[in-house]
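Peer 1: Our numbering numbers the first residue of the sequence shown as 196 and each following residue consecutively.
Virtual Cβ for every residue (Gly too), placed ideally from N, Cα, C.
None of these values were measured; they are calculated from a predicted model.
Mind having a look at this structure? Questions to follow.
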Amino acid sequence: MSQVIAIVGRPNVGKSTLFNRLLGRRMAIVHDMPGVTRDRHIATGEWAGKPFTLIDTGGFVPDSRDEMEVAIREQSELAVRQADVLLFLVDAQTGITRHDELIATELRKSRKPVFVVVNKVDDNGRVGDIYEFHKLALGDPIGISAVQGLNIGDLLDRLTASFATGLVPEDPRLKIAIVGRPNVGKSSMVNAFLGENRQIVSPVAGTTRDSVDTEFKYFGHDLILIDTAGLRKKSRVRESIEFFSTVRTQRAMERSDVVIVLADAGEGITDQDLRVVSEAIRLGKGIILAVNKWDLIEKTHKTYREMEADILARLGTNRFVPVMFVSVHEKQRLLKLLDLAIQVQENRRLKISTSKLNEFLLPVIQKTPPPATMGKQIKIKYITQMGTEPPVFGFFTNFPKLIDDAYRRFLERQIRSNYDLSGVPVRMVFKSKNPDADQ
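Here you go:
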């Protein structure tokens, strides 16, 4: 699981510039998602094989009563609570300000690793200004220039020194993350699976403050349920809650094998639900869309088939995601949901021999070959499976870069038509044995 780094500091010290600099071309950016109306950002990437999640927070004004600045301060406080490592950005040109001192006091209370990063050290004449920031009593300050990119590599080395690499020992237990918007019934679903109140359940959105793992056995299967219920709300920080719920959801999905996206039958499938589905696909996880509170809508609103058709239409090219209508309150189809999660994980592990793939796919490709592009005839010579969890298929061809998206989708549909890959994203790689053919 990636570690979370939060950039905090007062306004105008260069937080967003540093955020962008840390996610430069050397960074193998995986995801960059704009935040809510304050234009905060989350991005995940890696440095020297060590994954991390980076949060850009708003300008922290500790003693302001301005409503906007109070909301931004509370957002920054949430960032401190959610982060594993804090990057405290200060300004070499202005030196230590009263606001810096107040922020430093709050960060010391967090008892988390804090790195004091002195920005705008743009020339050697500013190097001596770094030492003033020892007075903040948060360790040795690091001088950088976010604009010029000076010392950014050294900063990342220090930030990630204690982080684990992306390679973790394989855990044979099936890890299921239950994700969704606040108050759709995530904790209640965990309780229903377990048959006891292992999580606090409340009708107030955001009762659960942290993701909670629960281990249990289900007909011989060792399962881990990851409950990702939202943060407790404050009246002024609704958007902050949503923002950091995204951080929590992201981390839970990274740790999981199968993601159950829980939606509300009364509200239908929202854009936020679809974004979570897309993120689970990007991460290569198994995905199930569970529509809760079906008992409240079954007899008075749309029929099952009508609602399912609407959902599949909204899923678009992601129609491979299975949809199940459940009721946590009435315990309808919950065991079937667990059975489906187990099946989806088996689908993720599906391994198809090269001979069977070619026996099936080559005649299909010969009948419907890739369209000629730029006057070049494209031929796919053979296919092999290159990996699992999720399945990765390698297609060897004379012009791999000329395979268009429409033909990629055609090939994926053919694979899915012959093999059970329900709930599983498929990766396809087009390669050539002849390097000159890639040009």
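1. Distance check for residue 355 and residue 380, CA to CA, integer angstroms please.
2. Tell me whether residue 340 sits in a helix, a strand or coil according to DSSP, three-state version.
3. Does the distance from the CB of residue 369 to the CB of residue 242 come in under 8 Å?
4. Which same chain residues end up closer than 7 Å to residue 490 when comparing Cβ atoms and leaving out the 5 residues on each side of it in sequence?
5. Could you give the distance in angstroms between the alpha-carbon of residue 533 and the alpha-carbon of residue 315?
6. Can you name the residues that DSSP bridges to residue 525?
7. Under the rule that 16 or more other beta-carbon atoms within 10 Å means buried, what is residue 474, buried or exposed?
8. Give the C-beta separation of residue 518 and residue 537 to the nearest angstrom, bearing in mind that I take them to be a contact with Cβ-Cβ under 8 Å.
9. Kindly list the residues whose CB is nearer than 8 Å to the CB of residue 468, restricted to its own chain and excluding five residues on each side of it in sequence; keep chain order.
10. Taking the continuous beta strand (DSSP E) assigned at residue 589, which residues delimit it?
11. In chain order, what residues of the same chain have a beta carbon less than 8 Å from the beta carbon of residue 220, not counting five sequence neighbours either side?
12. Could you check where the beta strand (DSSP E) with residue 329 kicks off and where it finishes?
13. Using 8 Å as the threshold, is the C-beta distance between residue 595 and residue 626 below it?
14. Which residue or residues does DSSP assign as beta-bridge partners of residue 241?
15. Roughly how many angstroms lie between the CA atoms of residue 422 and residue 416, to the nearest whole one?
16. Answer yes or no: do residue 668 and residue 551 have a C-beta to C-beta separation smaller than 8 Å?
17. Nearest-angstrom Cα distance between residue 614 and residue 205?
18. Alpha carbon to alpha carbon, what distance is there between residue 278 and residue 338?
19. So, using beta-carbon positions, are residue 480 and residue 451 closer together than 8 Å?
20. If you drop the 5 nearest sequence neighbours on each side, which residues of the same chain put their C-beta closer than 7 Å to that of residue 620?
21. Buried or exposed for residue 565, going by 16 or more other Cβ atoms inside 10 Å?
22. Taking the DSSP output, what are the residues bridged to residue 553?
23. In whole angstroms, what is the alpha-carbon distance linking residue 252 and residue 203?
24. Straight-line CA distance for residue 608 to residue 247?
25. Would you give the residue range spanned by the beta strand (DSSP E) that residue 252 belongs to?
26. Going by the beta-carbon positions, is the gap between residue 618 and residue 515 smaller than 8 Å?
27. DSSP state of residue 385, grouped into three classes?
Peer 2: Once the coordinates are examined:
1. 36 Å
2. The three-state reading of DSSP puts residue 340 in strand, counting E and B together.
3. no
4. Excluding positions up to five away in sequence, the list reads 522, 524, 525, 527.
5. 54 Å
6. Per DSSP, none; premise fails for residue 525.
7. buried
8. Going by Cβ atoms, the distance from residue 518 to residue 537 rounds to 17 Å, so no, they are not a contact pair.
9. 375, 376, 456, 458, 484
10. 587 to 592
11. The predicted position of residue 220 is uncertain, since its pLDDT is 44 and thus under 50; no value can be drawn from it.
12. Taken as a continuous stretch (DSSP letters only), residue 329 belongs to no beta strand (DSSP E), as it is neither H nor E.
13. yes
14. 246
15. 19 Å
16. The chain is shown from 196 up to 634; residue 668 falls before or after that span and cannot be answered.
17. 55 Å
18. 22 Å
19. yes
20. Within the same chain, Cβ atoms closer than 7 Å to the Cβ of residue 620 are found at 476, 479, 585, the five residues on either side in sequence being excluded.
21. buried
22. According to DSSP, which records beta bridges pairwise, residue 553 is partnered with nothing at all.
23. Between residue 252 and residue 203, the alpha-carbon positions lie close to 6 Å from each other.
24. 34 Å
25. Element bounds for residue 252: n/a, residue is neither H nor E.
26. A contact, by the Cβ cut-off of 8 Å.
27. Residue 385 falls in the helix class under three-state DSSP.
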